[in-house]
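Here's the structure we're looking at; comments come further down.
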Amino acid sequence: MRAIVLLLLATASFAAALPDRFLSAKGNTFQVPSGKTLQLRGVNLGCWLIMEPWMCPMDSSGLKDEGSARDLLEKRFGKAAAEGLIQDWQESWFDESDLDRIAALGLNAVRLPIWYRNLQTEDGQWLPDGFKRIDWFVAAAWKRGIYTILDLHGAPGGQTKGESTGRIRPKAELWNNEAHLARTTAIWQRIATRYRGNPAVAAYDLLNEPSDAPSLGTLWSTYDRLYRAIREIDPDHVISVEGCINTRVGEKNIGWGWDALPHPDLFGWKNMLYQLHHYEWDWNNLDKQKRGIDFHVSEWNNHKSFGIPVYMGEFNPMAQEQAWGHALGKLTESGFSWTFWTYKATHGTGSDSWGLYNPIKKPAAPNLATDDLETIRSKWRANGTGQHYALNPMIQKTLSQLPPLSK
Numbered sequence: 013m014r015a016i017v018l019l020l021l022a023t024a025s026f027a028a029a030l031p032d033r034f035l036s037a038k039g040n041t042f043q044v045p046s047g048k049t050l051q052l053r054g055v056n057l058g059c060w061l062i063m064e065p066w067m068c069p070m071d072s073s074g075l076k077d078e079g080s081a082r083d084l085l086e087k088r089f090g091k092a093a094a095e096g097l098i099q100d101w102q103e104s105w106f107d108e109s110d111l112d113r114i115a116a117l118g119l120n121a122v123r124l125p126i127w128y129r130n131l132q133t134e135d136g137q138w139l140p141d142g143f144k145r146i147d148w149f150v151a152a153a154w155k156r157g158i159y160t161i162l163d164l165h166g167a168p169g170g171q172t173k174g175e176s177t178g179r180i181r182p183k184a185e186l187w188n189n190e191a192h193l194a195r196t197t198a199i200w201q202r203i204a205t206r207y208r209g210n211p212a213v214a215a216y217d218l219l220n221e222p223s224d225a226p227s228l229g230t231l232w233s234t235y236d237r238l239y240r241a242i243r244e245i246d247p248d249h250v251i252s253v254e255g256c257i258n259t260r261v262g263e264k265n266i267g268w269g270w271d272a273l274p275h276p277d278l279f280g281w282k283n284m285l286y287q288l289h290h291y292e293w294d295w296n297n298l299d300k301q302k303r304g305i306d307f308h309v310s311e312w313n314n315h316k317s318f319g320i321p322v323y324m325g326e327f328n329p330m331a332q333e334q335a336w337g338h339a340l341g342k343l344t345e346s347g348f349s350w351t352f353w354t355y356k357a358t359h360g361t362g363s364d365s366w367g368l369y370n371p372i373k374k375p376a377a378p379n380l381a382t383d384d385l386e387t388i389r390s391k392w393r394a395n396g397t398g399q400h401y402a403l404n405p406m407i408q409k410t411l412s413q414l415p416p417l418s419k
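419 is the number that our numbering gives the last residue of the sequence shown; the numbers go up by one with no jumps.
Right under this line is the structure:
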């Protein structure tokens, strides 16, 4: 408790030493109350509060998502012990020294993926200390001048079928299930109540990659429902919606881009941030990597009449330094705010660029089906960045070549 109090006092002191930094969307830019514009440049914090086994050493027995890992741990060791192991993971994967590393690279934003199990039990009961990690992160990041974008990566029922929501499902169950929609709405209202007026939070990111929404109409009406629920409580924070869906309208395929986003006037939305994600999976094709970024910049120029800022919330130029240089340079020059994916990953050794930090030696994932509790704890706790991960020199070099952020 004393450490938390000291951190909050330090954060308050830091905030008082700066002009008011509360962000608002003004035209196509972010602005602080003085009228000065500000660009967000940063990174995602994948796998910390929601594990994805393809990019972190969650399990070697074949489990595909964190929900399954939690289920198995609770069955084997009980809920309290299972939660203790999750806490061990979180304390190892990311700590205050990692925020120092992010700040030292000249970044000023982190997109923080969370899911409903950080705040609730599986059946929807609120956890008494559910905000502990999020509160700590927001305060500790702000102490270093780093904004937090709160990203609901996994909604109850799942906005997609994939493991990035925390649980693989036969279908995305969020969209046509009122109980799941009500829980998602309640989560955002609880978040808005907690962070209302807090300048350390840059934006609320309503739903990560809602690509399995059944239609544009369903996606947009869900966004509007969440927007209005937040605005009942918090009139001031920026709200971000993502242009990520796989559907058709008539003869037209709607994918990841501006076609998936409504004009804000359609719903009367104010203080908005429109978000794009981009991955070119032809890793070594430099021309395709460049053209993908150039397309998004061109589309942005065609949609500036929307009168809102643009944000590349996830992207990864993969394996070539030139691709990274083109992407970060072009997005920065064109006025995008951006956070690449991701801070830390075990998928490769640096050649595939998934992590800003990559493992020095491939870490051992525990076998959650057979390892005893202490073995699981030991393996999960052997993931501190300073001891076990190294900075990706290609990304480090690219970041160092960007013009400095305005203060």
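Glycine included, each C-beta is placed from N, C-alpha and C at the ideal position.
query: If we count Cβ pairs, one from each stretch, closer than 8 Å, do we get three or more for the stretch 90–110 versus the stretch 34–52?
result: Remark: fewer than three beta-carbon pairs, one from each stretch, lie closer than 8 Å, so the stretch 90–110 and the stretch 34–52 are not flagged as touching.
- prompt: So who's on the other strand from P9, going by DSSP bridges?
  reply: Nothing in the structure corresponds to residue 9, since the chain is present only between 13 and 419.
message: Please report the distance separating the alpha-carbon of G229 from that of A204.
response: 25 Å
task: Report the rounded CA-to-CA distance for A121 versus L50, giving the unit in angstroms.
output: Each residue's alpha carbon lies about 11 Å from the other.
- prompt: For L385, which of helix, strand or coil comes out of DSSP?
  reply: helix
- request: May I have the straight-line CA-CA distance separating A191 from A153, to the nearest angstrom?
  value: 34 Å
task: Go ahead and pull the three-state DSSP assignment for V44.
output: coil
- request: Reducing DSSP to helix, strand and coil, say where T259 ends up.
  value: strand
message: Quick check on the DSSP output: what are the complete beta strand (DSSP E) runs of length 3 or more inside the stretch 166–218, in order along the chain?
response: 213–217
field: Cβ pair I146, A214 closer than 8 Å
entry: No, these two residues do not count as a Cβ contact at 8 Å.
- prompt: Is the CB-CB distance between L164 and L231 below 8 Å?
  reply: no
- prompt: Considering only residues of the stretch 52–117, which uninterrupted alpha helix (DSSP H) runs meet the minimum length of 4 residues and lie entirely inside it, listed in chain order?
  reply: 78–89, 91–105, 108–116
message: According to DSSP, is A151 part of a helix, a strand, or is it coil?
response: Correct three-state label for A151: helix.
- prompt: Which class does K342 belong to by DSSP, given the choice of helix, strand or coil?
  reply: helix
- prompt: With distances taken from CA atoms, which of W350, G325, Q171 is nearest N258?
  reply: Q171
message: Quick check: the Cα distance between P45 and M70, rounded to an integer number of angstroms?
response: 43 Å
task: Could you check the C-alpha separation between M63 and F318 for me, to the nearest Å?
output: 35 Å
task: Between the Cα of I251 and those of Y235, E326, V150, Q43, spot the shortest distance and give me the residue it belongs to.
output: Y235
task: Could you pull out every residue in the same chain whose Cβ sits closer than 7 Å to the Cβ of P276, ignoring the five residues on either side in sequence?
output: Short of 7 Å from the beta carbon of P276, and not among the five residues preceding or following it, lie these beta carbons of its own chain, in chain order: M284, F318, I320.
query: Around the Cβ of R179, are there at least 16 other Cβ atoms within 10 angstroms (buried) or fewer (exposed)?
result: Counting Cβ neighbours within 10 Å, R179 comes out buried, since at least 16 surround it.
message: What does DSSP give as the partner residue(s) for N265 in the beta ladder?
response: R260
field: Euclidean distance between Cα positions of L124 and I242
entry: 18 Å
Contacts around H400, its chain only, beta-carbon distance under 8 Å, and the 5 residues preceding and following it disregarded: P371, I372, K373, P375, A394
task: State buried or exposed for R14, treating a residue as buried only when at least 16 other CB atoms are found within 10 Å of its CB.
output: Any answer about R14 is weak, because its pLDDT of 43 lies below 50 and its placement is not dependable; what the coordinates show is given next. Under this definition R14 is an exposed residue.
- request: Kindly list the residues whose CB is nearer than 7 Å to the CB of L75, restricted to its own chain and excluding five residues on each side of it in sequence; keep chain order.
  value: P65, A81, L84, L380
- request: Going by CA-CA distance only, name the one from A225, N297, A184 that's closest to W268.
  value: A225
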